[in-house]
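Structure, as structure tokens:
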Amino acid sequence: MKIALFDCPAGVAGDMWVGACVDAGVEVDVLRAAVASLELGAELRIARVLRAGLAGTQVLVVPPGGDQAARGLAAVLDILARADVPPAVTARAGSVFESLADVESRAHGIAREAVHFHELGAVDTIVDVLCACLSMHQLGVERSHASVIEVGNGVVRCAHGLLPVPAPGTAGLMHGFRQCRRLLGERTTPTGAALLREFVTPEPMLASFRSMACGYGAGARDDAGIPNLLRLTVAEVDEAHAHEHNDLVEIACNLDTADGESLAWIVDGALERGALDAWVAPVTMKKGRPGHVLHVLAGGARRPVLENFLLEESTTLGVRKTAVERTVLERWSETVDGPFGPVLHKCARLPSGRVVKRPEDQELRRVAAETGLPRRTIVERLAAARAGPD
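Below, the structure is given as structure tokens:
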């Protein structure tokens, strides 16, 4: 599987994203042809620049003179529909602007259809988003990850006046991502945040991969200190490890006063709050008292939420945290026709490529209630039907 890894110590913006992709090998002529098909009169200007002593690629959109339109979502989608690009790219670009419209509507308390983009509806933003989506398509990546993302701090001036950094649109799109606010000024723009939301999983980066290409996209400012660059690494991971979570934490605590109902409540609550797994193990505690160890497996982004939940809802006075790794098989749900009609199965692909299927427990309960047959008989008949005739 080919993946993309974004290092964001100086933030993310649309032009930086496209610049990193071009620097990593995306053909500029393909992007220019797509921009021309929009019939907006815009052009791409590509330059090699230095940012705090490091080289990167800067992509500038030269818009036609006098374009100050505040476009609504429908107008932007109409423009994108003219692009001579694969339908999947058009859909991705449209999804980015729909995310922007959703977050702007919440920020200003208006309907999505009433949102009019100011800076975000300008030609350069439309071109940046289209080129970013086309670049990801050209690179052929199936999954993307990002480092801790610098969003900046202070204030930024826009059409609505002075706004705190991160801007409301950016803040609304960054939920679930690891972020920091060390640098002054707007470092992650709403466009950059919307691209992250569209392409990047909030899960942390994979621990192991094979890099294939690397590109640096330059932002407009050139400050001393941290180079204003977005780094993109195109890499490969083994299919068997493509769904690996490498930055998981197992949160555990000992409980000697919890009853069965309380334990069930906590396990269900942890799963509802994003735990990847939760379970209880019986143990013998001090003075021979029976007790339980509560375990919760959490991704990095959900760890604080789950820690607070356990401390609030259980009787423990503290929790233990252990970093763990796990490898997960590719899995999905599938409806299989058989002797009892359509039955939902849980499926998984083994490292050898062989697919195994198992009927869902709720489906077995349903069939048992409808037929009056023992569970074992139902399982055996379903397995025989999947195996086919001898």
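The opening residue of the sequence shown carries number 26 in the numbering used here; numbering runs sequentially from there. For glycine and all other residues, C-beta sits at the position ideal for the given N, C-alpha and C.
Which of helix, strand or coil DSSP assigns to residue i
i      : result
Glu123 : helix
Met26  : coil
Ile403 : helix
Thr282 : coil
Glu175 : strand
Ala265 : Its pLDDT being 49, under 50, Ala265 is placed unreliably in this model, and the value from its coordinates should be taken loosely. Correct three-state label for Ala265: helix.
Ala219 : helix
Leu188 : strand
Glu211 : strand
Val154 : helix
Gly134 : coil
Pro315 : strand
Gly294 : helix
Gly194 : helix
His141 : strand
His162 : helix
Ala147 : coil
His270 : Reliability of the predicted coordinates at His270 is poor, the pLDDT of 48 falling under 50, and no value is obtained from them.
Buried versus exposed call for residue i [16 or more other C-beta atoms within 10 Å across all chains shown]
i      : result
Leu331 : buried
Arg401 : exposed
Ser339 : buried
Leu30  : buried
Ala171 : buried
Thr258 : buried
Gly242 : buried
Ala218 : buried
Gly134 : exposed
Val381 : exposed
Those residues which DSSP pairs with residue i across a bridge
i      : result
Pro227 : Its beta-bridge partners do not exist; DSSP assigns none.
Ala260 : Ile28 and Ser236
Val321 : Ile276 and Ala303
Ser169 : Ala29 and Val225
Gly413 : Per DSSP, none; premise fails for Gly413.
Alpha-carbon to alpha-carbon, residue j and residue i
i      : j      : result
Ala300 : Ile291 : 11 Å
Gly294 : Arg391 : 26 Å
Gly413 : Val225 : 41 Å
Glu117 : Asp109 : Checking the sequence, you will find Arg at residue 117 rather than Glu. Rounded to whole angstroms, Arg117 to Asp109 spans 14 Å at the Cα level.
Val154 : Val121 : 8 Å
Ala283 : Glu350 : 29 Å
Gly210 : Asn178 : 5 Å
Ser160 : Trp42  : 9 Å
Thr309 : Val344 : 18 Å
Ala35  : Arg256 : 10 Å
Ala132 : Gly194 : 7 Å
Trp357 : Ala348 : 27 Å
Ala113 : Met199 : 24 Å
Leu280 : Arg327 : 22 Å
Arg96  : Ala393 : 57 Å
Proximity test, residue i beta-carbon vs the ligand COA heavy atom, cut-off 7 Å
i      : result
Phe122 : Annotation note on the ligand COA: not contained in the displayed structure, which lists no ligands.
Beta strand (DSSP E) runs wholly inside the stretch 336-409, at least 3 long, in chain order | 345-351, 355-363, 366-374 and 380-384
Could you name each continuous alpha helix (DSSP H) segment of 4 residues or more that falls completely within the stretch 31-115, going from the start of the chain to the end?
-> 39-48, 53-62 and 98-106
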